[in-house]
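Working notes for the structure below.
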Amino acid sequence: MFLSSVSNINPLVSPEQLGQMTQNMTNQRVVPVALMNLKYNQFKPYAIDSSLIMLSDGKYYDVPGRKESPYFEKRLFVGSILKETISMGRTIFRFENNLFLTNTSESVEGVEIDFGDGRGYRNYSLNSLLNNNVTINYLQTGTKIITIRMTLSDQTVLQTKTRIVLVPAPEVEPDEILEIEGSKYNGESGTGKAYILYGCGNNGKLRKPIIVSDGFDPLNERDFYGLFDLLNKEQFIMKAIAEGYDFVILDYTEGADYIQRNAMVMVSLIDTVNNRLKDNNSSSKLIIIGPSMGGLITRYALNYMEQHSQQYDHNTGLYVSFDSPHLGANIPLGDQHWLAFFAETTENDSAIINRDKLNTPAAKQMLIYHYLATDNNEAKHHPLRTSLLADPYHNSWPTQCRKIAIANGSGDGVTLFAPHTQMIAYEWDWETSWFGPINMIKGNTWAVPEQNDGEKQIFEGKSPFFHYGFLYFEIGLAYCNIYIDGSQPYDGAPGGTYDVNEQIARADTDDHGDIQTNYPNICFIPVISSLALQNTANVNYNVHGIPGYPYPTSNITPFDAIYAPEENQPHVEVTNENIAWIMNEIGAFDLYLQNQTVNKATDFEARNSITTGRNVVSHIPEGDFIVQNGSGEVILRSEGTIRLKNGTHLRPTETGIVRVYASNFLCESLFVLPQNPSGRNTGIGETEPEEQNFTEIHESITQTSTEKLPRSYPNPCSDYTTIEYELEKSAEVEIEVYSLMGVKMLSVEDHQSMGEGRYSTTVNTSSLPAGLYIGVVRANGETNGVLKMQVIK
707 MFLSSVSNIN PLVSPEQLGQ MTQNMTNQRV VPVALMNLKY NQFKPYAIDS
757 SLIMLSDGKY YDVPGRKESP YFEKRLFVGS ILKETISMGR TIFRFENNLF
807 LTNTSESVEG VEIDFGDGRG YRNYSLNSLL NNNVTINYLQ TGTKIITIRM
857 TLSDQTVLQT KTRIVLVPAP EVEPDEILEI EGSKYNGESG TGKAYILYGC
907 GNNGKLRKPI IVSDGFDPLN ERDFYGLFDL LNKEQFIMKA IAEGYDFVIL
957 DYTEGADYIQ RNAMVMVSLI DTVNNRLKDN NSSSKLIIIG PSMGGLITRY
1007 ALNYMEQHSQ QYDHNTGLYV SFDSPHLGAN IPLGDQHWLA FFAETTENDS
1057 AIINRDKLNT PAAKQMLIYH YLATDNNEAK HHPLRTSLLA DPYHNSWPTQ
1107 CRKIAIANGS GDGVTLFAPH TQMIAYEWDW ETSWFGPINM IKGNTWAVPE
1157 QNDGEKQIFE GKSPFFHYGF LYFEIGLAYC NIYIDGSQPY DGAPGGTYDV
1207 NEQIARADTD DHGDIQTNYP NICFIPVISS LALQNTANVN YNVHGIPGYP
1257 YPTSNITPFD AIYAPEENQP HVEVTNENIA WIMNEIGAFD LYLQNQTVNK
1307 ATDFEARNSI TTGRNVVSHI PEGDFIVQNG SGEVILRSEG TIRLKNGTHL
1357 RPTETGIVRV YASNFLCESL FVLPQNPSGR NTGIGETEPE EQNFTEIHES
1407 ITQTSTEKLP RSYPNPCSDY TTIEYELEKS AEVEIEVYSL MGVKMLSVED
1457 HQSMGEGRYS TTVNTSSLPA GLYIGVVRAN GETNGVLKMQ VIK
């Protein structure tokens, strides 16, 4: 877009708009680059003294008949990296067309860029650079100077420099990558890559897997790094890995393919992971998280496996749906028609790209209303959605796992804007000398009306067109007016938001006026959809008023537990609050076990307490907790208390065993939690106790010192630290230091006696990068203690 003057920059790109424009790119490890090539006028210092301009009534005017211009023509050429720091390694720079601002019509012959990576200048044409990515691999940390040279057609060379700071890359390289292929759907197989990050202390084996499905990715731009950054906000992945959980992140080859086809890829991955668990003698159940469309894919996969139980056992303990469109997704129908109209009449690149996203199989399956299905002033969904709704694996829910759902939409019913609010305002008049201004372009959109509000216009389109064929040409004005009656007002409803209107307002109009919006965000995933609320058409439903929330006591939702914030949030935004809620479900702080029978090897873990019995918590139906174990080991382990109350029946057979541990986990939690220093365990046979508190028993044995061991000093450390620990008897000791990703960094076997059963080992940490680490003390090959260490430089 060409700017008529420098003063027009601010209305086009405000700081708020700039932040929204770059947010999605930075979330995907893409670094946006902005360029400005602007000409401006500056008064000559002698303009007044030489009577080139005059002052009258407080304003400056040109002097008639002046000998020369009162202005020097100046140029501003600036390039800027819109991110202060990036991680060392693979970096993707994005030269967005909307971030190239110029008010000249000069032709650009070429662009040269030195990215400061030691490889010198790389040559590009301007067209090949704009709206494209450039990948650079940085091998060293520090400040990098990036030099950009632009050569104009008159051989004028413009140069600018910007900088970026490279910091040590977080340890996010996958430990292993699996190629996954699903069974065929509609004659074709889907494929994907599963990236594995092993949990702390798991030594390269899957033991406690969390599987995460990617969501809607129509341009297949989001890779492992983008998925990691998206999910690791609030340190979610790192906290879980530090607690010993493995992360398996599935990225589909075609990110907007049929939901069913990608679900078959997920089925294949679940089967592969479960086979790995068997090989590793792990009895852990899977945790599966589906953000956005990934929630539909994983739900379909789990249903499919349950209905083919002779072939599959999904072995899933927890299914987490994260702002997923179970009852459909929403892009304002007026906006859809806007994109389709201008993609066809003006061939606008932005409109074409976004219209094509609407026409992918997955978008047609998810959208409640689709522009191609608008018929007789009625908003309808696409036939592909009709087929999906009739699919038996989509229209039911898995029953052999716990199901929880997180919404980004307001649980208090806070709306974004009223039905039939104008969202996009765009009109451009062609200024002519003979006839005056002639209106040539219109592109106005309104939110869909309420169901009983009568017929309302949602799109008004007008655009000049020119068609040239082999034997003819045609020129004229294209018109499009869309009216709707009888729709549900999803556009401004409570829900996970998406900046659709803002994206339309940023479209390049080729100097044909400005597109305006007062409502940059729309409801993308209605809260009634993400929580699958049944038997209600109220899009403004007060979720927080559901009886028993967050554990609904009615059948209003198929989920066992639900979460919604007070205010609307961006779609799949990870916050401290929703991550804390998920983490408590994944690895419970307090775990209550009732109304279930365990008949195979199972691990139950909690950070603070485990309570078992007939009626220990209200949100679970009353019933006894029974271990009727035929083989394998059933473990109850807590870092705090374990209480076995009335209604607890532990009945292992001769080939089975029940163990109750009140001990630290292998890897130390990053959460601040109560700690119990005991590492002992108790084996229990059949028992029906009134109440036993094993933590109290263990504390009476181990509280011989007020100082918790093992410990390290100094901590934080730089080059050396000393780890102090206790041994009950003489043993061969090995100190191992792990990264939070579970990678062993150091191993030291030396130890010195300090008397009274205390020992110490000095560890050289000078080779370790700054960061958090886990120290493990092993005596005769068994874990004797775990501690957290920090290295600073």
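Residues in the sequence shown are numbered from 707 upward in steps of one, following my numbering. Cβ atoms here follow ideal geometry from the backbone N, Cα and C, with glycine treated the same way. Since this is a predicted model, take the numbers as computed values, not measurements.
Asked: Please list, in chain order, all residues of the same chain as residue 1411 whose beta carbon is under 8 Å from its beta carbon, the five residues on each side excluded.; Found: Reliability of the predicted coordinates at residue 1411 is poor, the pLDDT of 29 falling under 50, and the value obtained from them is presented with this limitation in mind. There are no such residues.
Asked: In chain order, what residues of the same chain lie with their CB nearer than 7 Å to the CB of residue 851, ignoring the 5 residues before and after it?; Found: 822, 867 and 869
Asked: Tell me which same chain residues have a C-beta within less than 6 Å of the C-beta of residue 1257, skipping the five on either side of it?; Found: 1267 and 1325
Asked: From residue 1485 to residue 1440, what distance separates their C-alpha atoms?; Found: 7 Å
Asked: Please work out which residues of its chain come closer than 6 Å, Cβ to Cβ, to residue 1219, disregarding the five sequence neighbours upstream and downstream, and give them in chain order.; Found: 1134
Asked: Can you give the Cα-Cα distance for residue 1228 and residue 1127, rounded to whole angstroms?; Found: 11 Å
Asked: Quick one: complete alpha helix (DSSP H) runs, 4+ long, within the region 951-995?; Found: 965-985
Asked: Run through DSSP, which three-state label would residue 828 get?; Found: strand
Asked: Identify every residue that forms a DSSP beta bridge with residue 1331.; Found: 1302 and 1354
Asked: Taking all protein chains shown into account, do 16 or more other C-beta atoms lie within 10 angstroms of the C-beta of residue 1327, making it buried, or fewer, making it exposed?; Found: exposed
Asked: Note down the Cα distance separating residue 1145 from residue 1188, rounded to an integer number of angstroms.; Found: 19 Å
Asked: Is the CB-CB distance between residue 1198 and residue 1122 below 8 Å?; Found: yes
Asked: If you check the beta carbons only, do residue 1232 and residue 1245 fall under 8 Å apart?; Found: yes
Asked: Need the endpoints of the beta strand (DSSP E) that residue 1040 sits in, please.; Found: From DSSP, residue 1040 is part of no beta strand (DSSP E) but of the alpha helix (DSSP H) over 1039-1051.
Asked: Measuring CB to CB, does residue 1025 end up less than 8 Å from residue 994?; Found: yes
Asked: Spatial neighbours of residue 1183 within its chain, please: C-beta separation below 8 Å, excluding the five flanking residues on both sides.; Found: 1146, 1168, 1169, 1170 and 1171
Asked: Would you call residue 863 buried or exposed, if buried means 16 or more other Cβ atoms sit within 10 Å of its Cβ?; Found: exposed
Asked: Which partner residues of residue 850 appear in the DSSP bridge assignment?; Found: 870
Asked: Would you mind giving the Cβ-Cβ distance between residue 1200 and residue 1323, rounded to the nearest angstrom? I have them listed as a contact below 8 Å.; Found: Contact doesn't hold; Cβ gap of about 29 Å is too wide.
Asked: Is the Cβ-Cβ distance between residue 1299 and residue 1263 less than 8 Å?; Found: no
Asked: For the putative contact between residue 889 and residue 970, defined by C-beta atoms under 8 Å, what is the C-beta separation to the nearest angstrom?; Found: 5 Å
Asked: For residue 1187, which beta-bridge partners are listed by DSSP?; Found: 1166
Asked: Mind listing, in chain order, the continuous beta strand (DSSP E) runs of no fewer than 3 residues lying wholly within the region 1432-1469?; Found: 1439-1445, 1450-1454 and 1458-1461
Asked: Quick one, which of 773, 754, 771 and 775 has its alpha-carbon nearest residue 765's?; Found: 754
Asked: Quick test of your reading: residue 1329 and residue 1354, contact by CB under 8 Å. State the CB separation rounded to the nearest angstrom.; Found: Actually they are not in contact, since the Cβ atoms of residue 1329 and residue 1354 sit about 11 Å apart, beyond 8 Å.
Asked: Using the C-alpha atoms, what's the distance from residue 906 back to residue 1419?; Found: 22 Å
Asked: Between the region 1001-1011 and the region 1087-1104, do three or more beta carbon pairs fall short of 8 Å?; Found: yes
Asked: Check residue 887 in the structure and name its three-state DSSP category.; Found: strand
Asked: Looking only at its own chain, which residues have a Cβ that is under 8 Å from the Cβ of residue 837, when we skip the five neighbours before and after it?; Found: 801, 802, 803 and 1055
Asked: Taking 8 Å as the threshold (C-beta atoms), are residue 885 and residue 899 in contact?; Found: yes
Asked: Using DSSP with H/G/I as helix, E/B as strand and the rest coil, what is residue 1413?; Found: Confidence at residue 1413 is low in this model, with a pLDDT of 43, below 50, so the placement of that residue should be treated as unreliable; the coordinate-derived value is given next. DSSP places residue 1413 in coil when its eight states are reduced to three.
Asked: Helix, strand or coil, according to DSSP, for residue 1287 in the structure here?; Found: helix
Asked: Let me know the secondary structure DSSP gives residue 1013 once reduced to three states.; Found: coil
Asked: Taking the alpha carbon of residue 872 as the reference point, which residue from 927, 791 and 1308 has its own alpha carbon closest?; Found: 791
Asked: Could you tell me how far apart the beta carbons of residue 1148 and residue 1166 are, in whole angstroms, since I believe they sit closer than 8 Å?; Found: 5 Å
Asked: Using CA coordinates, which residue listed in 752, 831 and 1259 is at the minimum distance from residue 840?; Found: 831
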